[in-house]
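Novice:
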Amino acid sequence: MNKIGIIILAAGESKRMGSPKQLLQIEGKSLIHRTAEIALATDCYPVVMVIGANKPQIAPEIVDLPLTIIDNPMWHEGMSSSVKMGLAGVYMTYKEIEAVIILVCDQPYLSVSLLERMIEIYNTKKPRLIACRYGEQLGVPALFDRTLFEELLNLKGDKGAKPVLMNHLDEAHILQFEAGSIDLDTPDEYQAFLDGLH
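In numbering that gives the first Met the number 0, the protein residues as written are 0 to 197.
#1: Below 8 Å on the Cβ atoms is my guess for T67 versus G88; work out the distance and round it to an integer in Å.
#2: Out of A130, S81, N53, which has the shortest C-alpha to C-alpha gap to C176?
#3: So the candidates are H172, D157, I37, M73; which of them puts its Cα closest to the Cα of N122?
#4: Under three-state DSSP, which class holds Q56?
#5: Can you list, in chain order, the residues of its chain with a C-beta nearer than 7 Å to that of L64? Leave out the 5 residues immediately preceding and following it.
#6: Are the segment 74-85 and the segment 156-174 touching, with three or more C-beta to C-beta distances below 8 Å?
#7: What is the DSSP secondary structure of Y133, reduced to helix, strand or coil?
#8: Does the distance from the CB of L147 to the CB of L86 come in under 8 Å?
#9: Pick helix, strand or coil for L8, following the three-state DSSP scheme.
#10: Do I5 and V47 come within 8 Å of each other at the CB atom, strictly closer than that value?
#11: Using the C-alpha atoms, what's the distance from L30 back to P107?
#12: Assuming contact is defined by CB atoms lying nearer than 8 Å, are R145 and A98 in contact in what I supplied?
#13: In this structure, what does DSSP give as the bridge partners for A98?
#14: Assuming P140 and M165 form a contact by the criterion Cβ under 8 Å, report the distance between their Cβ atoms to the nearest whole angstrom.
#15: Have a look at the DSSP bridge pairing and note the partners of I173.
#16: Taking buried to mean at least 16 other C-beta atoms within 10 Å of its own C-beta, is L168 buried or exposed?
#17: State yes or no: is the C-beta of T41 within less than 8 Å of the C-beta of L102?
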């Protein structure tokens with residue numbers, strides 16, 4: 000077991016989708032269940048999932064999985080509140096933690112191999128930060144060394160961990176993940192993704 004935890008952010012209300020996108024089905028599995036299985040297939044510990052909006056519908060999807068579920072009643076304050084709650088959950092579970100990987104559940108091309116590549120880079124090169132590049136964007140999945148935990152705990156608003164990433168770009172190891180640009184925020188995006196599978 001390595002000393003890297005995983006935080007899955009799944010507390011948003013999916014306003015543009017019109018229904019909980021965490022429950023969108025892809026090849027017979029919900030996005031949230033699929034993301035959790037990918038995280039659990041690594042040897043990261045602990046795996047923490049932060050839920051909030053639409054909890055009654057979402058919780059049953061993951062209740063059978065060996066992860067820590069954290070309910071964020073402050074989800075409406077933005078993604079930063081979920082990052083902080085997830086980080087606290089990881090640390091309370093395993094105080095020797097050296098780094099965390101932050102995931103979202105609406106990147107359908109997330110893979111075990113991508114996470115394992117991040118873990119390998121961290122264990123061999125020990126960068127303070129690993130982020131993924133898609134197009135002109137940098138973002139999740141992203142790994143943060145424990146020396147950045149204090150900054151993560153001071154986040155505010157709905158930008159998630161992006162401000163910490165931008166503050167330390169010169170220290171970041173960047174991984175290409177072109178398919179990371181595909182996320183599912185609207186019914187049209189979901190339909191286009193499904194059409195592309197066939």
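Cβ coordinates follow ideal geometry from the N, Cα and C atoms, glycine included.
Specialist: Based on what the coordinates show:
#1: 6 Å
#2: Reading off the sequence shown, one finds Phe at residue 176, where the question assumed Cys. Out of A130, S81, N53, A130 has the C-alpha closest to the C-alpha of F176.
#3: H172
#4: In the structure shown, Q56 sits in a helix (DSSP, three-state: H, G or I).
#5: So the qualifying residues of the chain are A35, L39.
#6: yes
#7: strand
#8: At a Cβ-Cβ threshold of 8 Å, L147 and L86 do not count as neighbours.
#9: strand
#10: yes
#11: Whole-angstrom Cα-Cα distance: 7 Å.
#12: Taking the C-beta atoms as reference points, A98 is found nearer than 8 Å to R145.
#13: I3, D144
#14: With a Cβ gap of about 16 Å, P140 and M165 do not count as contacting.
#15: A130
#16: exposed
#17: Not a contact, by the Cβ cut-off of 8 Å.
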